[in-house]
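Before any comments, here is the structure.
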Amino acid sequence: MKSLPTLLLCIMTIGSSIVCNAEQPAIKIGALYNITGDMAPIDLPASRGSRLAAKRIDEKGGLLDGKTLELIVVDTKTDMKEASKAAEQLVSMGVAAGLGYGDTDSVLAAGPVFQQHGIPFLTSGATDPFLPEEIGPCLFMVSFGDDDQARAMAEFAYATLGTRNAAIWTNGSSRFTKILSKFFKERYRSLGGNVLEDRSFDAGQTDFSAFIQSLKKSSPRPDVLFISGLPSDAVPTVGQVRKAGIRLPILSGDGFDADLIERLPQPEEADGVYFSTHDYRGSNRPEVTAFVDAYEKEYGKAPENAFAALGYDAVNLLADAVNRAKTTEPKAVAKALAETHDFKAVTGEISFTRPGRAPVAIIGIPNGTYRLMKTWTGGNHTLPRRDPATK
Numbered sequence: 066m067k068s069l070p071t072l073l074l075c076i077m078t079i080g081s082s083i084v085c086n087a088e089q090p091a092i093k094i095g096a097l098y099n100i101t102g103d104m105a106p107i108d109l110p111a112s113r114g115s116r117l118a119a120k121r122i123d124e125k126g127g128l129l130d131g132k133t134l135e136l137i138v139v140d141t142k143t144d145m146k147e148a149s150k151a152a153e154q155l156v157s158m159g160v161a162a163g164l165g166y167g168d169t170d171s172v173l174a175a176g177p178v179f180q181q182h183g184i185p186f187l188t189s190g191a192t193d194p195f196l197p198e199e200i201g202p203c204l205f206m207v208s209f210g211d212d213d214q215a216r217a218m219a220e221f222a223y224a225t226l227g228t229r230n231a232a233i234w235t236n237g238s239s240r241f242t243k244i245l246s247k248f249f250k251e252r253y254r255s256l257g258g259n260v261l262e263d264r265s266f267d268a269g270q271t272d273f274s275a276f277i278q279s280l281k282k283s284s285p286r287p288d289v290l291f292i293s294g295l296p297s298d299a300v301p302t303v304g305q306v307r308k309a310g311i312r313l314p315i316l317s318g319d320g321f322d323a324d325l326i327e328r329l330p331q332p333e334e335a336d337g338v339y340f341s342t343h344d345y346r347g348s349n350r351p352e353v354t355a356f357v358d359a360y361e362k363e364y365g366k367a368p369e370n371a372f373a374a375l376g377y378d379a380v381n382l383l384a385d386a387v388n389r390a391k392t393t394e395p396k397a398v399a400k401a402l403a404e405t406h407d408f409k410a411v412t413g414e415i416s417f418t419r420p421g422r423a424p425v426a427i428i429g430i431p432n433g434t435y436r437l438m439k440t441w442t443g444g445n446h447t448l449p450r451r452d453p454a455t456k
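Numbering (our numbering), first residue to last: 66 to 456.
Pasting the structure below:
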């Protein structure tokens, strides 16, 4: 395997041009993404959004009186050992900050390395609400928390769809999926719903025939199925349920915001599927329209999912913090990030100065098209202590 510095150059170093000019002072930002492997449907679009943001910043004159933003993008291949190793190498390269990843497990592998060195790390898509508490004050989240998206989907299932009896399938290999299903189950029951089945499946499992037979034999029959899964779980679960003739609504979290229509053999199999994700689809806010137009111009297609917008937001948040800090010294950048208040991002206003309720978009897929069904803005609730069983 190539050494990481060589690998970095093979993947992408982005400034105002693709060439790194040693005579021009550059601000180095490390961008860790799983561009290949199981998390690629989430992290590849996010990396594209990050690259686009860096390019646009440099086209507008860069940061701190014209310094180039050098975004060092690393593919850690959905491998936690690679994530930790890449974080160490980026720190040794003198990055002012790090960003990236749309999954909790990768952030848990890389985040502590940045924390140990006092360097801020901004996760563009991981949603575990306990991450800042567990890793430390150098960890910042662009996204909403799993507590919010689970509550949003439970309330949508109960109040909007009118369901009362849920079955829950959970990928038991991921902390993200276990926490998500835990919060969904708690909220659904608190509303008055029943959980008839609560089953766990293995990482990489592709045969769900036993789960499907259990659904068919259950009495009473579930009227909604919540699948707490990763992007790689979406096609085998949804496809097999639909092929078995089961038409009940299927709900999931933002792990299903990963080209589901494009990857299913028959697009109509996605009818009745709903997932939570970050809010930007269909919005005419200037931040959204500028991003979508720029993305289409750069890549020749619309953003694949909300993670493209989150990657874009992460770079712009860091750029804003660097400008306000007036330095690239990591502690000063971290302090400026912590003082971020009502930053106007593609996915909404972001603040780190107070607890917030980021809006949750609930997307349906009628007739093979993605459609915003509801925007959940939630209400105040206290985040419970982390359950060690979900670790």
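The beta-carbon is built from N, C-alpha and C at its ideal position, and this holds for glycine as well.
Please read all numbers here as calculations on a predicted model, not as lab measurements.
In the structure shown, D144 adopts coil according to DSSP, grouped into three states. The segment 286-344 contains, as complete beta strand (DSSP E) runs of 3+ residues, the segments 289-293, 315-317, 338-343 (chain order). Looking at L187, K366, N236, the one whose alpha-carbon comes closest to that of D267 is N236. Going by beta carbons, G443 and D288 fall outside the 8 Å limit. For T235, there is no enclosing alpha helix (DSSP H); the residue is part of the beta strand (DSSP E) that begins and ends at 230-236. With a 10 Å radius around the Cβ and a threshold of 16 neighbouring Cβ atoms, A174 comes out buried. Under the three-state reduction of DSSP, G201 is assigned to coil, being neither helix nor strand.
With 16 or more other CB atoms across the displayed protein chains lying within 10 angstroms of its CB, P395 is buried. In the structure shown, the three-state DSSP call for E352 is helix. In the three-state DSSP reduction, I415 falls in the strand class (E or B). The bridge partners DSSP lists for D272 come to none. The three-state reading of DSSP puts F195 in coil, since its state is none of H, G, I, E or B. Bounds of the alpha helix (DSSP H) holding T169 are 169-181. By the criterion of a C-beta distance shorter than 7 Å, P431 is surrounded in its chain by D336, once the five residues flanking it on both sides are discounted. The secondary-structure analysis by DSSP pairs A410 across a beta bridge with G413. Taking each of C203, S297, A191 in turn and checking the Cα distance to F372, the smallest one comes out for A191. Of V353, I137, S317, the smallest CA-CA separation from T342 is found for S317. With fewer than 16 other Cβ atoms from the protein chains shown falling within 10 Å of its own Cβ, A355 counts as exposed. Take T302, set aside five residues on each side of it, and the residues of its chain with a beta-carbon closer than 7 Å to its own are W234, F273, I292, G294, in chain order. For T440, no alpha helix (DSSP H) run applies; the uninterrupted beta strand (DSSP E) run containing it begins and ends at 436-441, by DSSP. In this structure, the beta-carbon distance from V387 to A161 falls below 8 Å.
In the structure shown, the three-state DSSP call for V156 is helix. Nearest C-alpha to S112 among G227, R240, Y377: Y377. Only buried fits A423, as 16 or more other CB atoms lie within 10 angstroms of its CB.
When DSSP states are grouped into helix, strand and coil, R346 belongs to the coil group.
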